Amino acid sequence: MSRVRTAVRSAVTLPARVGRFSEFLFRRSDAAWDVYPDDPAEGTVVGTDVARVLFLGERGELSLGVRTHQLSLPAFFARHRAARRGRGTSWSIASAPSSSVRDLPTVVDGHREHLRGCELVVVMVGITDALRVMSPLTWERHLRDTLAALLDALPPGARVLVGAIPPLDNAGSLSRPARIAAGAHGRELNRRSCAVAADHPRVDVVGFPEELTRSVWRPEAEEHRYRDTYAVWGAHLAEHA
Numbered sequence: 028m029s030r031v032r033t034a035v036r037s038a039v040t041l042p043a044r045v046g047r048f049s050e051f052l053f054r055r056s057d058a059a060w061d062v063y064p065d066d067p068a069e070g071t072v073v074g075t076d077v078a079r080v081l082f083l084g085e086r087g088e089l090s091l092g093v094r095t096h097q098l099s100l101p102a103f104f105a106r107h108r109a110a111r112r113g114r115g116t117s118w119s120i121a122s123a124p125s126s127s128v129r130d131l132p133t134v135v136d137g138h139r140e141h142l143r144g145c146e147l148v149v150v151m152v153g154i155t156d157a158l159r160v161m162s163p164l165t166w167e168r169h170l171r172d173t174l175a176a177l178l179d180a181l182p183p184g185a186r187v188l189v190g191a192i193p194p195l196d197n198a199g200s201l202s203r204p205a206r207i208a209a210g211a212h213g214r215e216l217n218r219r220s221c222a223v224a225a226d227h228p229r230v231d232v233v234g235f236p237e238e239l240t241r242s243v244w245r246p247e248a249e250e251h252r253y254r255d256t257y258a259v260w261g262a263h264l265a266e267h268a
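Our numbering puts the sequence shown at residues 28 to 268.
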């Protein structure tokens with residue numbers, strides 16, 4: 028795309044992007060009511076030949092809305108993976124301070140020793156970056172840096188799964204125009220993720236489970252909604268692990 032076309036496109040889409048970002052900030056002004064667990068962000072499903080799995084990403088995708096990490100997405104994933112493989116699974120969470128892919132290379136550097144013993148890393152990030160309208164080029168650059176850091180730190184043969192950004196068209200806490208715009212932006216970031224993963228044989232992108240896309244999602248303060256979502260999402264990821 029030429030510089031002129033890029034400038035025109037930016038000028039046309041700027042009001043919508045600013046409006047969506049403003050709405051996101053307003054929606055998150057009530058984030059003080061968010062519930063997160065305060066117990067250790069780790070656990071083990073007992074069994075033979077225990078596999079170590081690290082979840083890397085934004086806290087809101089992994090454990091928002093539940094009061095114990097035993098009801099988080101990684102815990103459900105570990106239980107399903109252990110049942111499928113007949114092996115134990117030790118899981119832990121390394122979260123991004125600002126819930127952005129920008130943080131992840133630094134987070135990886137801080138966990139290099141732990142990563143030497145992992146056979147799988149699951150990257151779960153993107154909802155916040157999509158709502159904050161991170162440019163696709165910026166997303167791609169930081170994701171490439173994250174995967175390069177991970178593959179350098181992990182032992183040979185270890186894999187990386189990148190969880191796709193959920194369909195934000197169904198984010199019921201946003202207005203309909205904002206949902207449509209956020210959904211389109213999230214799909215573009217997912218497209219970039221697939222392009223990046225295609226360059227790495229040990230990296231795969233896992234789509235959001237179809238079962239969870241059939242109704243508008245609202246972040247209501249009911250633990251069972253989050254728990255049930257994590258159960259389905261965790262099982263879906265485990266099928267690809």
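Even glycine gets a Cβ: it sits at the ideal position worked out from N, Cα and C. Source: prediction; values computed, not measured.
query: Going by Cα to Cα distance, which pick from R219, V223, H227 and I192 is closest to G210?
result: Out of R219, V223, H227 and I192, I192 has the C-alpha closest to the C-alpha of G210.
query: Taking just the CA atoms, how far does L100 sit from R129?
result: 22 Å
task: Starting from E69, follow the beta strand (DSSP E) in both directions and report where the run begins and ends.
output: E69 to V72
message: Short of 8 Å in beta carbon distance, which residues of its chain neighbour L91, apart from the five on each side in sequence? Order them along the chain.
response: Sequence-distant Cβ neighbours of L91 in its own chain, meaning closer than 8 Å and more than five residues away, are D61, V62, Y63, P246 and Y253.
message: Which runs of the alpha helix (DSSP H) at least 4 residues long sit entirely within the segment 200-224? Give them in chain order.
response: 203-224
- prompt: If you run the structure through DSSP and keep just helix, strand and coil, what is G113?
  reply: coil
Closest Cα partner of E238 within the set H107, L216, A224 and A262: A262
message: Looking at the secondary structure, which residues open and close the beta strand (DSSP E) in which D231 lies?
response: V230 to V233
- prompt: Buried or exposed: H141, going by 16 or more other Cβ atoms within 10 Å of its Cβ?
  reply: exposed
- prompt: If you compare alpha carbons, which of H267, F103, A185 and V189 is closest to P173?
  reply: At residue 173 the sequence reads Thr, which differs from the Pro that was named. Per the Cα distances, V189.
- prompt: Grouping DSSP H, G and I as helix and E and B as strand, with all else coil, what is G92?
  reply: For G92, the secondary structure class from DSSP, reduced to helix, strand or coil, is coil.
Integer-rounded CB distance, given that T71 should sit under 8 Å from V80: Actually they are not in contact, since the Cβ atoms of V80 and T71 sit about 10 Å apart, beyond 8 Å.
Secondary structure of A191, DSSP reduced to three states: coil
Per-residue burial, A265 [other beta carbons within 10 Å of its own, 16 or more giving buried]: buried
- prompt: In terms of DSSP beta bridges, what is A78 paired with?
  reply: T116
message: Using a Cβ-Cβ cutoff of less than 8 Å, which residues in the same chain neighbour L89 once the five nearest sequence positions on both sides are dropped?
response: F82, S99, L100, P101, I120, S122 and M151
message: What does the alpha-carbon distance come out to for the pair L164 and C221?
response: 13 Å
message: Strictly by DSSP, which residues pair up with L147?
response: Bridge partners of L147: V80 and R186.
task: Measure the beta-carbon distance from R139 to A185 and round it to whole angstroms, keeping in mind my assumption that it falls under 8 Å.
output: Contact flag wrong, Cβ pair sits at about 13 Å.
message: Tell me the DSSP secondary structure of A121 in three-state form.
response: strand
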